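These notes are about the structure you will find just below.
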Amino acid sequence: MKIGSVVLMQIMDEDIERRLRNKFEKEMEREIEIVVIKSDKEEECQLCGLTIELVNKLSELSNKIKVKIYEKSSAAAKKYSIERVPSILIDPTNYKIVYTGAPIGEEGWAFIETMVLVSQDDSKLSQEAREKLKELKDERHIEVYVTPTCPYCPLAVLLANKVAIEGKGKVKAECIEVQENMDLAMKYNIRSVPQQIIDGKVSSVGVQPELKFVEDVIRG
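In the working numbering, the protein residues as written are 38 to 257.
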């Protein structure tokens, strides 16, 4: 089991904490900021409490993870154009990587890996994919629709996040949890996951090969 597959749950045992602490110590290079947008209204955000609990726990495991929490009505939420809760932004000063919905279940390990990559300022894309992405002239918004029990979804999310890291502000990657955002799922008629939407248009279903996905992003 990958580290993180069970970490973003209500219970994090001592073994998982130890492994994560070691991973962060060995692999994180610089301090990153995790911003959570929440609502105190339980009927509006049943998973806000769990989301805050998990990011605070992660920050306890590394002094390189700094957490800021804002209300949905705050100026920060408006600054980052966040309207849904819970939302998590990973190092928003430098990158456009957003989790719309709590990254629980299978999404945990990709969330952890993304934080590490952001701290390294390195997408870890292949050289061919990096060179190809230089052809991108316009901004792009990638939405990846997922569910917590989908074993393939984290691969699609991590790839989108890598493209956002390499895109250095030109590409926004957004992981959207279907069950918490049913209106969006219905809008795009999401029937299977992972599904990628690029600039509001259905792009692909399933995990895509790295270079093909980069080409899809460029094509828009």
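A virtual CB, placed ideally from N, CA and C, is assigned to each residue, including glycine.
If you're wondering where the values come from, they're calculated on a predicted model, not measured in any experiment.
{"Asked": "Length of the line joining the Cα atoms of residue 97 and residue 58", "Found": "9 angstroms"}
{"Asked": "Stretch pair the region 192–212 + the region 124–138: three plus CB contacts closer than 8 angstroms", "Found": "yes"}
{"Asked": "Cβ pair residue 79, residue 129 closer than 8 angstroms", "Found": "no"}
{"Asked": "Residues that DSSP places opposite residue 212 in a beta bridge", "Found": "136 and 181"}
{"Asked": "Check whether residue 251 and residue 215 have beta carbons under 8 angstroms apart", "Found": "no"}
{"Asked": "Where the alpha helix (DSSP H) through residue 63 begins and ends", "Found": "51–64"}
{"Asked": "Closest Cα partner of residue 162 within the set 248, 66 and 188", "Found": "248"}
{"Asked": "Buried versus exposed call for residue 226 [16 or more other C-beta atoms within 10 Å across all chains shown]", "Found": "exposed"}
{"Asked": "Cutoff 7 angstroms; reference residue 142; Cβ partners in own chain excluding five residues on either side", "Found": "185 and 186"}
{"Asked": "Inter-residue Cα distance where the pair is residue 81 and residue 218", "Found": "11 angstroms"}
{"Asked": "Burial state of residue 206, where buried means 16 or more other Cβ atoms lie within 10 Å", "Found": "exposed"}
{"Asked": "C-alpha distance - residue 254 paired with residue 169, whole-angstrom precision", "Found": "10 angstroms"}
{"Asked": "Residue ranges of each beta strand (DSSP E) within the region 78–166, 3 or longer", "Found": "102–108, 124–127 and 133–137"}
{"Asked": "Beta-carbon proximity list for residue 153, same chain, < 8 angstroms, skipping 5 on both sides", "Found": "60, 61, 64 and 65"}
{"Asked": "Same chain, Cβ closer than 7 angstroms to residue 122, five either side skipped, listed in chain order", "Found": "74, 75, 76, 81, 82, 85 and 109"}
{"Asked": "Start and end residues, beta strand (DSSP E) containing residue 73", "Found": "69–75"}
{"Asked": "Residue 144 versus 88, 239, 177 and 194, residue with shortest Cα-Cα distance", "Found": "194"}
{"Asked": "Buried/exposed call for residue 203, threshold 16 Cβ in 10 Å", "Found": "buried"}
{"Asked": "Residue closest to residue 177, alpha-carbon to alpha-carbon, out of 222, 192, 127 and 238", "Found": "238"}
{"Asked": "Start-to-end residues for the beta strand (DSSP E) that takes in residue 234", "Found": "232–235"}
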